[in-house]
Amino acid sequence: MTEERITIHWDGEPLPARQGDPIAVALYRQGIKVQTRSIKYHRARGPQCFTGDCPGCMVRIDGIPNVRGCQTGAQDGMRIESQIGTPTAKNDIFRIVDRLFEHFDHERRFVRPRIVRETYQAIARRMAGFGTQPTDSITTTSGEQIETGIFIAGGGPAGLAAYNAVRDANANVLIADADGFGGQLLHTPRSVDAGPHGEHPGPRLAQNLAPPERERIDGTVVGIWDDIAAVLEETPDGWAIHTIKPDTMIIANGASENPAMIDGNDRPGVLGARAARILLNRYRTPPGDPLIVLDPYREGQAFAQEAQDHGLTVRIVDEAIRITGDPAVTGVDTPNGHVQATAVITDSGLTPSPELGRQAGIPYTYEEALGGRTPLHRPDGSTPIPRVLIAGSAAGHHTPEAAIRSGRWAGQTAAGTPPKAAAQTLLSEGRFEDDEEGALRRVWRTA
Amino acid sequence: MKDRTLVCPCEDVTTHDIREAIDLGYIALEPLKRVTAVTTGPCQGKWCLSATIALLAEETGQDPEAIGGITHRQPVRGVPLAVLAEHPLAHDDEPEEEDPS
C-alpha cells in the first residue's frame with residue numbers, strides 16, 4: 011500500500027491522508043466517526059460497512075453531493091463536506107429532533123388541518139433529503155457496447171477463480187469489479203487454500219489471480235436487463251456506462267452484511283465484523299481500542315483474533331442490552347454492568363446480494379444458515395436460467411475456500427468443460443458449518 | 038441520542054416503526070415497505086432487507102420462505118444521470134435529423 015501523504019479538507023479543516031485510501035477510511039483514521047446525519051431524526055452517523063451497502067459515508071466532494079466516501083479514493087486537495095447537518099454533521103442544530111420526538115410518523119402526523127400540513131412540509135423539505143444541488147459537474151464520456159463470450163460480474167475470490175478457469179479453457183472473457191479485484195481476499199490475512207492455485211495469504215492470492223487489463227473493467231455492474239449487463243466505470247476520460255452482451259453470464263457479486271438488532275446499533279463506531287476486518291486488515295486502521303465484539307460468529311471471531319494479533323484490547327460480549335455513546339460509541343450495557351470501548355463490532359452474518367441474480371431471473375429460496383435469501387443453483391454453478399451462473403458469496407458460499415471452488419466450477423461449466431465431483435469437493439474443502447452444508451444440499455436438490 | 042434500534046438507517050426506520058405497521062395489518066413485505074419506507078433508501082435494501090424479513094417472520098409467525106423478497110430494480114448503485122445520457126443506447130429513440138435539401 012502506498013504511504014504517500016496528501017491533504018484533504020473536511021468541512022474546511024485540512025487533514026492528512028494517504029493517497030488512494032477511501033475518504034471514509036481517511037476520516038475514520040483521523041478520529042472523525044461522525045461523517046453525516048440521518049435523514050429524519052438527524053442522528054449522528056458514520057460508515058458501518060465500508061462496502062457501499064449503508065448510508066453512513068455519503069458526503070459532498072468538490073461540489074458533487076451523494077458520493078460514497080468508502081468507495082472513493084482520497085486525492086490531494088479534495089474538498090469534502092458533510093452533506094446532512096446545519097451547519098455541519100458535527101454541529102447540526104437539527105439534532106434536537108432526535109430528542110424531541112419519541113417516534114416520528116411522517117405518514118400520519120401533521121396531515122390536518124391544511125395550514126399545519128403546509129407549514130410542516132415547508133420545514134421538513136429543508137431538513138430532510140440527501141444533500142443539496144451540485145455546484146460543479148462530473149466529467150462523462152460515451153461508454154462502449156461490448157460483446158463477449160463469458161462475462162463475470164464481480165472480482166472477489168469466486169469471480170477471480172471463475173476468470174482463471176475460463177482462461178484455462180481459452181474462452182473469450184471479461185470480468186468487472188470496481189474495488190481493486192480480490193473482494194474478501196484483500197482483508198483476509200490468513201493463508202487460504204486455493205486448490206490448484208496454491209495456498210497463500212489472501213492479498214497475495216488476489217494478486218496471483220488478477221486479470222490483465224485487456225480482460226477486465228474497473229467498474230461496478232449496476233444492472234442486468236435480460237441478456238445485457240450495464241457497468242459503471244470511471245475512465246481516464248470521465249464516467250461511462252458500458253453495456254456488455256455476453257453469451258454466458260457468471261454472477262459473483264458477493265454478499266451484504268446485516269445490522270445487529272440492538273438499541274444504539276447506528277451509533278458512529280458501530281461496525282459490522284466484515285467492515286472492521288476491511289478497516290484493520292486492508293487499510294491498517296484499528297477500528298478502536300479497546301474494542302467490543304458482540305456475539306461473534308465466523309467474521310466476528312476472525313476479526314477478534316486479527317485485532318488481538320495487532321495488539322488491540324478485545325472484549326467479547328455475548329449478551330448486550332444496548333450500545334451506549336453520544337454521539338460516538340462509548341461501550342455496551344450488559345446484564346452485568348457497563349463495558350467500555352471506542353468501537354463495537356457486530357456480527358449478524360452475510361446475506362447473498364440478490365440484486366443481480368433476481369434481475370437475471372434466478373429464483374430465490376430462504377435458507378437461514380446461508381444468510382437468508384439464497385439463489386437456486388447447482389454445485390456446478392448453473393441455475394434454472396440458461397446461460398446464467400452464480401458463484402461465491404452471492405450463492406451462499408461465504409468462506410474464501412468455498413468461494414474459490416464454486417467460482418472455479420462456474421468458470422469451467424461456462425467454458426463448456428463441466429467439473430467432476432463438484433459437490434463433494436465443495437463440501438469437503440469449502441470449510442462449511444454443518445447447518446450450511448445441509449442448507450446447500452437442499453438448495454442444490456430444489457434447483 | 039435516544040436509544041433506538043434501527044432496521045433501516047437510510048430512512049430512519051426503527052423496530053418500533055415495523056412493529057407498529059404490522060399491528061396496523063401491513064404483514065406483507067411490499068406494503069410494509071411502502072408504509073415505513075424500509076428498503077427504499079440509497080442502499081436499496083442491501084443493509085436492511087434481511088433484518089426486515091427476519092423481524093416480519095418473528096412478529097407474525099410467517100414462514101420466511103413465504104414472505105419472499107422485494108423487486109430489485111436497476112440500477113443497483115447510484116448512477117449520475119449525466120452518465121446514462123452519454124450512452125449510445127440513450128439516443129436510440131431520437132428522430133433522425135431531417136435533410137434540409
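So the protein sequences, as listed, match chains A and B. Just remember that my numbering sits 10 ahead of the position in the first sequence, which is counted from 1. Just remember that my numbering sits 37 ahead of the position in the second sequence, which is counted from 1. The beta-carbon is built from N, C-alpha and C at its ideal position, and this holds for glycine as well. Note that the structure is a prediction, hence the values are computed from the model and not measured.
Discussion item. In the DSSP output, which residue or residues are listed as bridge partners for H252 (chain A)?
Written reply: A:V241
Worksheet item: Taking only beta-carbon atoms, is K50 (chain A) less than 7 angstroms away from chain B?
Response: yes
Practice prompt. May I ask which residues mark the beginning and end of the beta strand (DSSP E) holding R200 (chain A)?
Written response: Looking at the DSSP string, R200 (chain A) is not in any beta strand (DSSP E), and its letter there is neither H nor E.
Item to complete: Mind checking which residues open and close the beta strand (DSSP E) that includes L353 (chain A)?
Response: Looking at the sequence provided, one finds Ala at residue 353 (chain A) rather than Leu. A353 to T356 is the span of the beta strand (DSSP E), which, as asked, contains A353 (chain A).
Discussion item. Below 8 angstroms on the Cβ atoms is my contact criterion, and I expect L304 (chain A) with V354 (chain A) to pass it. Report the Cβ-Cβ distance as a whole number of Å.
Written reply: 6 angstroms
Worksheet item: When the cut-off is 7 angstroms and only beta carbons count, does K70 (chain B) lie next to chain A?
Response: No, because no Cβ of chain A sits closer than 7 angstroms to the Cβ of K70 (chain B).
Discussion item. Counting only C-beta atoms, is T340 (chain A) closer than 7 angstroms to chain B at any point?
Written reply: no
Fill in: beta strand (DSSP E) runs wholly inside the segment 370-400 of chain A, at least 3 long, in chain order
Taking only runs of at least 3 residues, the beta strand (DSSP E) segments lying wholly in the segment 370-400 of chain A are 374-377, 382-385 and 398-400.
Worksheet item: What residues from chain A crowd round L126 (chain B), counting only those whose CB sits closer than 7 angstroms?
Response: T253
Worksheet entry | Of the residues A:R452, A:Y376, A:S403 and A:T456, the one placed nearest E102 (chain B), counting alpha carbons only | A:Y376
Discussion item. Please report the distance separating the alpha-carbon of D115 (chain A) from that of S266 (chain A).
Written reply: S266 (chain A) has its alpha-carbon roughly 28 angstroms from the corresponding atom of D115 (chain A).
Practice prompt. Pull up the CB-CB distance for T54 (chain A) and P337 (chain A), whole angstroms please, since I reckon it's below 8 angstroms.
Written response: It should be pointed out that residue 54 (chain A) corresponds to Ala in this sequence rather than to Thr. Confirmed, about 3 angstroms.
Worksheet item: Under 7 angstroms between the Cβ atoms of G421 (chain A) and A239 (chain A)?
Response: no
Item to complete: Establish whether the CB of A119 (chain B) and some CB of chain A are separated by less than 7 angstroms.
Response: Yes, A119 (chain B) lies at the interface with chain A (some Cβ there is under 7 angstroms from its Cβ).
Discussion item. Under 8 angstroms: do the segment 172-185 of chain A and the segment 243-253 of chain A share three or more Cβ pairs, one atom per stretch?
Written reply: no
Worksheet item: Residue ranges of each beta strand (DSSP E) run of no fewer than 3 residues wholly in the segment 137-168 of chain A, ordered along the chain?
Response: For the segment 137-168 of chain A, whole beta strand (DSSP E) runs of length 3 or above, ordered along the chain, are 155-163.
Discussion item. Quick check on this structure: which residue in A:G248, A:Y293 and A:F161 has the alpha carbon closest to the alpha carbon of L196 (chain A)?
Written reply: A:Y293
Discussion item. Going by DSSP, what residue range makes up the beta strand (DSSP E) through N76 (chain A)?
Written reply: I74 to R78
Fill in: Range of the contiguous alpha helix (DSSP H) that encloses L118 (chain B)
L118 to E123
Worksheet entry | Any C-beta of chain B under 7 angstroms from that of R368 (chain A) | yes
Worksheet item: Got a sec, what are the start and stop residues for the alpha helix (DSSP H) S87 (chain B) sits in?
Response: Residue range L86 to T97 is occupied by the alpha helix (DSSP H) that includes S87 (chain B).
Worksheet item: So which residues on chain A does G78 (chain B) lean against when the C-beta distance must stay under 8 angstroms?
Response: I49 and P65
Worksheet item: Since L66 (chain B) meets chain A, which of its residues come closer than 9 angstroms, beta carbon to beta carbon?
Response: Chain A residues near L66 (chain B): none, gap ~11 angstroms exceeds 9 angstroms.
Practice prompt. Please decide whether M11 (chain A) counts as near chain B, where near means a Cβ-Cβ distance under 7 angstroms.
Written response: Confidence at M11 (chain A) is low in this model, with a pLDDT of 48, below 50, so its placement is unreliable and no value can be given for it.
Item to complete: Using a threshold of 7 angstroms, state whether the C-beta atoms of A404 (chain A) and S363 (chain A) are closer than that.
Response: yes
Practice prompt. Counting only runs of 3+ residues fully inside the segment 55-116 of chain A, write out the beta strand (DSSP E) ranges in chain order.
Written response: Listed in chain order, the complete beta strand (DSSP E) runs (minimum 3 residues) inside the segment 55-116 of chain A are 68-71, 74-78 and 89-92.
Worksheet item: Looking at the C-beta of N101 (chain A), does it have a partner C-beta in chain B at a distance below 7 angstroms?
Response: no
Discussion item. Rounding to the nearest angstrom, what Cα-Cα distance links A84 (chain A) and R28 (chain A) in this structure?
Written reply: 7 angstroms
Practice prompt. Within its chain, find whatever has a CB closer than 8 angstroms to the CB of T150 (chain A); leave out the 5 residues flanking it on each side and keep chain order.
Written response: G248, W249 and A250
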